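Quick note: the sequence shown uses the working numbering, first residue 168, plus one each step.
Each remark here refers to the structure printed beneath this line.
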Amino acid sequence: MAGASLRISSLYLSLVISTVSFVSVEHNHAFAEDSANEANIEARAYDVRTIRPSRSGRVYLFEKFDSLMPVDGKIFLLREGDQPIMALRVMRTYAQTKRIAAKKLRAYPGFELLGRGSRYRAFEKLGDKVLPVPPTAEDLQDLKELESAPIENLPTVPVDESTNETPVAAPEAPNEAAPEIPAEVARVSEAPESQESGTESEEHHDEDLELREEAEEGETDHYFPNQFTMTIGNVPNSSVPGPSFKFSGGLLYARKLTPSFALEGGFYYYKSQGDLDIDGVTTTVSMTVIPVVGTLRYQSRLTDLWTGYLYGGVVYPFIANSIGAPVKLLQKVQVISPAVGVGAFLQTGPNWYLRLNFGLDSMTVGVMLRY
168 MAGASLRISS LYLSLVISTV SFVSVEHNHA FAEDSANEAN IEARAYDVRT IRPSRSGRVY
228 LFEKFDSLMP VDGKIFLLRE GDQPIMALRV MRTYAQTKRI AAKKLRAYPG FELLGRGSRY
288 RAFEKLGDKV LPVPPTAEDL QDLKELESAP IENLPTVPVD ESTNETPVAA PEAPNEAAPE
348 IPAEVARVSE APESQESGTE SEEHHDEDLE LREEAEEGET DHYFPNQFTM TIGNVPNSSV
408 PGPSFKFSGG LLYARKLTPS FALEGGFYYY KSQGDLDIDG VTTTVSMTVI PVVGTLRYQS
468 RLTDLWTGYL YGGVVYPFIA NSIGAPVKLL QKVQVISPAV GVGAFLQTGP NWYLRLNFGL
528 DSMTVGVMLR Y
């Protein structure tokens, strides 16, 4: 019995040693993988709290809980757990007060406005090579509004002074900074290894690309305010003899006043010929007409590629040449008329758009270049 007990004890001891060795090896392997993954992480996470937005909601002022400030021009993404909230670009930092002024690039559904005092996790890609983007006039106005706001109107953020001196007194900060940052960032960067289909990594890649494209879209609106359109189609005018469909070509120039409004002017050109009964005699009348148009346009981005617009203004059909037309007909044709309609832009390149227009003054298709 003693020999049997000794053999059983030896067997148990061997199993325990084997189990411990296996766990140790797996732990070391997992630690090595975690270390390698952490070495591949090119992102930094930190906590911020919303102080207040500007009246327009384009620029926000944040409180940062550490003294390491991001570089101007950096794009960071606010998250609440796994939920993306808003993407912003750093406009200006205030190291003494640990504050960041950032411009909103994209708000995710349900988070169009950040509440005062709301706290989020910010993720910033360290590998991005960016240059500070010159602020627009609207951005500078919002920034001045935030900087000139009275201190008493800003919600105060409690800061533990002992955090910097005695880290032991604030154990939550190390727990958040050390294990949680790699874990949260790893979910973004390690998705291709943990997901068989790789769809999650593609979503993050597309999300990052989309943020950049939206940022570039807002910036190029400021740097490329001019728009030139070449168009062809129908310019209706029932007073001009000839077919109801008057095929014409046109050139239009627009200048953006704001991201949503633009003034546009230009002209169309067409020739029309038809028979007209003048005092009981059928006479062939020919006209060369140049309709001159001026409108105010309001546009709004519908999707990544489509932008819709409404416009209103006037059109004047100037008659450049006429054959066989009586004076009364010329006076009837050359009358100022309303130019009202809708349209859409389809982006086909960085600065090129396909343009569709449906209005009382014209029904055309064309190509627009912004510069």
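Don't be surprised by glycine CBs; every beta carbon is placed ideally from N, CA and C.
Treat the numbers as computed from the prediction; the structure is a model and nothing was measured.
Exercise for review: Indicate whether the contact test is met: 3 or more Cβ pairs, each with one atom in the segment 443–450 and one in the segment 478–485, closer than 8 Å.
Suggested key: They do not touch, by the three-pair rule.
**Study point:** Runs of beta strand (DSSP E) lying entirely within the segment 228–315, each at least 3 residues, in chain order
**Key:** Qualifying beta strand (DSSP E) stretches, in chain order: 242–247, 250–261, 266–274 and 286–292.
Exercise for review: Would you mind reading off the limits of the beta strand (DSSP E) that contains residue 536?
Suggested key: For this step, residue 536 is matched to residue 369 along the sequence shown. In the DSSP assignment, residue 536 falls within the unbroken beta strand (DSSP E) covering 530–537.
Review point. How would you write the range of the beta strand (DSSP E) that residue 423 sits in, first residue to last?
Key: If you number the sequence shown from 1, residue 423 lands on position 256. Going by DSSP, residue 423 is part of the beta strand (DSSP E) stretching over 414–423.
Check your understanding: Given residue 281, which residues of its chain have a CB within under 7 Å of its CB, disregarding the five upstream and five downstream residues?
Key -> Position 114 of the sequence shown, counting from 1, holds the residue named residue 281. Excluding sequence neighbours, residue 281 sits near 217, 220, 227 and 253.
Review point. From residue 491 to residue 410, what does the alpha carbon distance come to, in whole angstroms?
Key: What you label residue 491 is simply residue 324 of the sequence shown in a count that begins at 1. What you label residue 410 is simply residue 243 of the sequence shown in a count that begins at 1. Looking at the two C-alpha atoms, the distance is approximately 17 Å.
Review point. Using 8 Å as the limit for Cβ to Cβ distance, is residue 407 near chain C?
Key: Looking for chain C here will not work: only one protein chain is present.
Check your understanding: Near residue 302, what residues of its chain come up, given a Cβ to Cβ distance below 8 Å and the 5 sequence neighbours on each side ignored?
Key -> In the sequence shown, counting from the first residue as 1, residue 302 sits at position 135. So the qualifying residues of the chain are 258, 270 and 310.
Exercise for review: Evaluate residue 495 with the Cβ neighbour count: other Cβ atoms within 10 Å of its Cβ, from every protein chain shown; 16 or more gives buried, anything less gives exposed.
Suggested key: Counted from its first residue, the sequence shown places residue 495 at position 328. So residue 495 ends up on the exposed side.
Check your understanding: Would you report the Cα separation of residue 504 and residue 230, rounded to the nearest angstrom?
Key -> The sequence position of residue 504 within the sequence shown is 337, counting from 1. The sequence position of residue 230 within the sequence shown is 63, counting from 1. The C-alpha of residue 230 is placed about 56 Å away from the C-alpha of residue 504.
Check your understanding: I think residue 532 touches residue 519, with their Cβ atoms under 8 Å apart; what is that distance to the nearest whole Å?
Key -> Position 365 of the sequence shown, counted from the first residue, corresponds to residue 532. Position 352 of the sequence shown, counted from the first residue, corresponds to residue 519. The Cβ separation is near 14 Å, so there is no contact.
Review point. Which residues in the same chain as residue 369 place their Cβ atom closer than 8 Å to its Cβ, once the five residues preceding and following it in sequence are excluded?
Key: In the sequence shown, the residue the question calls residue 369 occupies position 202. At residue 369 the pLDDT is 44, less than 50, meaning the model places this residue with poor confidence and gives no usable figure here.
Exercise for review: Give every residue of the same chain whose Cβ lies closer than 7 Å to the Cβ of residue 392, excluding the five residues on either side of it in the sequence, and list them in chain order.
Suggested key: Working through the sequence shown from its first residue, we reach residue 392 at position 225. 422 and 423, listed in sequence order.
Check your understanding: What first and last residue would you give for the beta strand (DSSP E) that runs through residue 482?
Key -> The residue labelled residue 482 in the question sits at position 315 within the sequence shown. DSSP places residue 482 in the uninterrupted beta strand (DSSP E) bounded by 473–490.
Exercise for review: Label residue 541 either buried or exposed according to how many other C-beta atoms from any shown protein chain fall within 10 Å of its C-beta, with 16 as the threshold for buried.
Suggested key: The requested residue 541 is not part of the displayed model; the chain covers only 168 to 538.
Review point. Where does residue 396 land, buried or exposed, given buried means 16+ other C-beta within 10 angstroms?
Key: Residue numbering aside, residue 396 sits at position 229 when the sequence shown is read from its first letter. Buried, since its Cβ has 16 or more Cβ neighbours within 10 Å.
Point to revise | residue 501: first and last residue of the uninterrupted beta strand (DSSP E) it sits in | key: The residue you call residue 501 lines up with position 334 of the sequence shown. Careful: residue 501 lies outside any beta strand (DSSP E) and carries neither H nor E.
Practice item. Could you check the C-alpha separation between residue 225 and residue 273 for me, to the nearest Å? Key: The residue labelled residue 225 in the question sits at position 58 within the sequence shown. The residue labelled residue 273 in the question sits at position 106 within the sequence shown. Approximately 10 Å between the Cα atoms of the pair.
Point to revise | Inter-residue Cα distance where the pair is residue 499 and residue 304 | key: Position 332 of the sequence shown, counting from 1, holds the residue named residue 499. Position 137 of the sequence shown, counting from 1, holds the residue named residue 304. Our two residues, residue 499 and residue 304, have alpha carbons roughly 46 Å apart in a direct line.
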